[in-house]
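Data first, discussion second: the structure below is written as structure tokens.
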């Protein structure tokens, strides 16, 4: 739990004295947990029941009732000619704005209020009177701007600016409250989770923003605030990735988003789509090649022959961009080997030969399997000399690396091809050598 200092102002006295990540997450998703708000004395007997009703409904998270009670309170206030002022009005105004926001999230299509006036405006009107408990207030208001921005497909620069402003204010406010808190304590750990949530939102916005560069500073500053927690490795990763491709924030955000979706076992097509988008906006050849290498690796681990073919294509794209990169060479070559092997076993011999030739067109660590594929494909078409040369090469490469069961397929392939083309004496010699070596 994130424990706040005991508030001294009215609204703060009417909400949770402790906030956890659950509070933060529910402000984005379903509901915001609150603790009972203690009612204060109201000089107007007419307004007092309405205020108490708003407070009670808010504490119960009955957003419809809280919204209606706030409406009635403000209407009665206006009817008596009383100003929109004072801490009691600020309390009800915030309750009303927040409650209406929850109603909008539940069903935007039937929302009976004006979002700008009755959600954002109400909370702003409250904040103009009371700036207490800034973490809670700015988080709720920033979340309202963020959700509206998301609803509009991230195409409203004004909403983007306001969402960033209030969410960042909330972040700084909580950091200030915990400036002396132990970094291994429960309060700071909960704060670090909130920082990760802030960065996640910043990533989503930056992905579509017309000015993604500004998130380089915002994300890195947020990471600095979270350092010292048990999530340091994650903060270090996020700090670096926004600088990917020489500070190409959109590329870095998309790259990290793809990795996160992949690691959380997201839908394969969605993962590949995000990676593809990242590659398209990445400027550096080597950086783009690394994304394609990752796409090849990911595709190669998915079930289905179609994904194996796509792994080859992604590997080929990576290799063209960065042909001296050893990791890319291995990924590309291995993908071709998998496809060639599958083609051969399925009786698609021409396709197998084609893939095998491509996989031996460059050197890579592990290319003994490529020569294995090539030799048996060539033997299948009666290409005697080539098949013998490549079978021997596969065997020679393999015996420098493997022994026993790992070496056996290369040995057997070479012997089989020797015998296929009438070289039984040579085959017997290789068998004797193999057995004599203790294999």
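Numbering (this note's numbering), first residue to last: 55 to 493.
By construction, the Cβ of each residue, glycine as well, lies at the ideal position given by its N, Cα and C atoms.
Keep in mind that this is a model prediction, so the values were computed, not measured.
Item	Value
Looking at the secondary structure, which residues open and close the alpha helix (DSSP H) in which residue 252 lies?	240-262
Which class does residue 322 belong to by DSSP, given the choice of helix, strand or coil?	helix
By DSSP, does residue 299 sit in helix, in strand, or in coil?	helix
Return helix, strand or coil for residue 456, following the three-state DSSP convention.	coil
Please state the DSSP three-state secondary structure of residue 156.	helix
Beta-carbon separation of residue 415 and residue 394 under 8 Å?	no
Within this structure, are the beta carbons of residue 413 and residue 387 separated by less than 8 Å?	yes
Could you give the residue range of the alpha helix (DSSP H) that holds residue 205?	188-205
Could you give the distance in angstroms between the alpha-carbon of residue 361 and the alpha-carbon of residue 371?	15 Å
So that I know if they touch, is there some Cβ in chain E lying closer than 8 Å to that of residue 370?	Among the chains of the structure shown, chain E does not appear; only one protein chain is present.
Expressed to the nearest angstrom, what Euclidean distance is found between the alpha-carbon atoms of residue 473 and residue 333?	49 Å
Just mark residue 444 as buried or exposed, buried being the case when its beta carbon has 16 or more other beta carbons within 10 Å.	buried
Do the stretch 310-329 and the stretch 262-276 meet, that is, are 3 or more Cβ pairs less than 8 Å apart?	no
To the nearest whole angstrom, what separates the beta carbons of residue 189 and residue 227, a pair I think is in contact under 8 Å?	4 Å
Taking the C-alpha atoms as reference points, what is the distance between residue 458 and residue 282?	50 Å
Around the C-beta of residue 137, are 16 or more other C-beta atoms found within 10 angstroms, so that it is buried, or is it exposed?	exposed
Return helix, strand or coil for residue 185, following the three-state DSSP convention.	coil
Could you round the C-beta distance between residue 311 and residue 328 to whole angstroms and report it? I think they count as a contact, below 8 Å.	5 Å
Under the rule that 16 or more other beta-carbon atoms within 10 Å means buried, what is residue 107, buried or exposed?	buried
Mind checking whether residue 177 and residue 148 have CB atoms under 8 Å apart?	yes
Closer than 8 Å is the cut-off here; do at least three beta carbon pairs connect the stretch 317-326 with the stretch 276-290?	no
In whole angstroms, what is the alpha-carbon distance linking residue 95 and residue 272?	Low per-residue confidence applies at residue 95: pLDDT is 45, beneath 50, and the placement is therefore not dependable enough to give any value.
Report the rounded CA-to-CA distance for residue 330 versus residue 366, giving the unit in angstroms.	15 Å
The alpha helix (DSSP H) that contains residue 135, what's its start and end?	Note, residue 135: premise wrong, no alpha helix (DSSP H); not H, not E.
Going by beta carbon distance, what residues of the same chain come within less than 6 Å of residue 338, once the five residues before and after it are set aside?	299
In whole angstroms, what separates the C-alpha of residue 376 from that of residue 417?	14 Å
Secondary structure at residue 477, three-state DSSP: helix, strand or coil?	coil
Of the residues 432, 127, 421 and 475, which one's Cα is nearest the Cα of residue 450?	421
In whole angstroms, what is the alpha-carbon distance linking residue 219 and residue 126?	31 Å
Where do the ends of the alpha helix (DSSP H) carrying residue 219 lie?	211-231
Using the Cα positions of residue 121 and residue 346, report the straight-line distance between them to the nearest angstrom.	51 Å
Quick check on the DSSP output: the alpha helix (DSSP H) that includes residue 100 runs from which residue to which?	Careful: residue 100 lies outside any alpha helix (DSSP H) and carries neither H nor E.
Do you know how far the Cα of residue 258 is from the Cα of residue 436?	57 Å
Could you give the C-beta distance for residue 494 and residue 440, rounded to a whole number, given that I count them as a contact under 8 Å?	No statement about residue 494 is possible, as the shown extent of the chain runs from 55 to 493 and does not include it.
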